[in-house]
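> First the structure, which I've put down as structure tokens, then a few questions once you've had a look.
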Amino acid sequence: MRTRIKICGITRPEDALVAVQQGADAIGLVFYPPSPRAVSVEQARKVVEVIPEFVTVVGLFVDEDRVRIASLLQEVHIDLLQFHGKEDAAACQDHGRPWIKAVRMRDGIDLAATASEFRGATGLLLDAYESGKPGGTGTVFDWERIPENLASRIILAGGLNPDNIEAAVRQVHPYAVDVSGGVEQSKGIKDAGKIAAFIEGVKRGDNS
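Residue numbers 2 to 209, in this note's numbering, belong to the letters of the sequence shown in order.
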């Protein structure tokens, strides 16, 4: 099965277009104000305007107030919600939209138990753990920690880039991969060449 590709932290329509034209299946919009990749409602709308019908728009939230999420869903077209904080399963499924839950790979985490807790999720996004950061660390975690029987539900993230993505796909066989900083020229500004190289790396991993 082909590995799906999400390019996260999109802030500009032109970057979204590049991602889509190169073959991305989804783009991510960050609605977490402390992030250097956060977008306003106006920015998000401009990005969404250029996204074709069959490309998934993902909205990323970190412990956000449910009323604000509901308001954003009225103002911006979002297909899938991504929760990156301490949200429990009830909070994640409170909005009547498909959702994924980010899991920070801290020492001792029981992925099987976590997968059971969030069994209503479309998938689990596995990211590196760094104290005080909800994500976007740019750090790779040990992929050997991912049980083979969970791979089909896994969205692999954490320090992925054009240089390591082929090996990641070949080793983990995840449902999808998620990249942000690994395809940037600066925070929030994507690099077309890196996006193309990343997606080619995914394809090589699938075919090897």
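C-beta: ideal position from N, C-alpha, C; glycine also.
Could you name the residues that DSSP lists as bridge partners for glycine 60?
Leu30, Leu82
> Tell me whether lysine 204 sits in a helix, a strand or coil according to DSSP, three-state version.
Annotated three-state conformation of lysine 204 is helix, per DSSP.
> Counting Cβ pairs closer than 8 angstroms, one from the segment 152 to 163 and one from the segment 180 to 193, do we hit at least three?
Result yes; three or more Cβ-Cβ pairs closer than 8 angstroms.
> Counting pairs of Cβ atoms below 8 angstroms between the segment 101 to 117 and the segment 68 to 77, do you hit three or more?
These segments do not touch.
> Assuming the contact rule is C-beta atoms closer than 8 angstroms, arginine 67 and leucine 81 should be a hit. Round their C-beta distance to whole Å, please.
No, arginine 67 and leucine 81 are not in contact; Cβ-Cβ is about 17 angstroms, not under 8 angstroms.
> Which partner residues does aspartate 179 have in the DSSP bridge list?
Under the DSSP definition of a beta bridge, aspartate 179 partners with Lys7.
> With a Cβ-Cβ cutoff of 8 angstroms, do glycine 202 and isoleucine 166 count as a contact?
A contact, by the Cβ cut-off of 8 angstroms.
> Alpha carbon to alpha carbon, how far is aspartate 143 from histidine 174? Give it in angstroms, no decimals.
14 angstroms
> Would you tell me roughly how many angstroms separate the C-alpha atoms of serine 187 and valine 42, rounded to the nearest one?
22 angstroms
> Going by DSSP, what residue range makes up the beta strand (DSSP E) through valine 104?
100 to 105
> Residues in the same chain with beta-carbon distance under 7 angstroms from glycine 1, minus the five sequence neighbours each way, listed in chain order, please.
The chain is shown only over 2 to 209; residue 1 falls outside these bounds and no answer can be derived.
> Could you give the distance in angstroms between the alpha-carbon of glutamate 145 and the alpha-carbon of alanine 91?
30 angstroms
> What residue does the alpha helix (DSSP H) around serine 72 start on, and which one ends it?
67 to 76
> How long is the line joining the alpha carbons of glutamate 131 and valine 141, rounded to whole angstroms?
11 angstroms
> Should glutamate 54 be labelled buried (16 or more other beta-carbon atoms within 10 Å of its own) or exposed?
exposed
> How should arginine 154 be labelled, buried or exposed, when 16 other C-beta atoms within 10 angstroms of its C-beta is the threshold for buried?
buried
> What does a CB cutoff of less than 6 angstroms around alanine 193 pick up in its chain, not counting 5 residues either side in sequence?
Val19
> What's the gap between the Cα of alanine 25 and the Cα of isoleucine 200?
8 angstroms
> Quick check: the Cα distance between isoleucine 52 and phenylalanine 62, rounded to an integer number of angstroms?
20 angstroms
> Tell whether a beta-carbon distance below 8 angstroms holds between leucine 30 and valine 48.
yes
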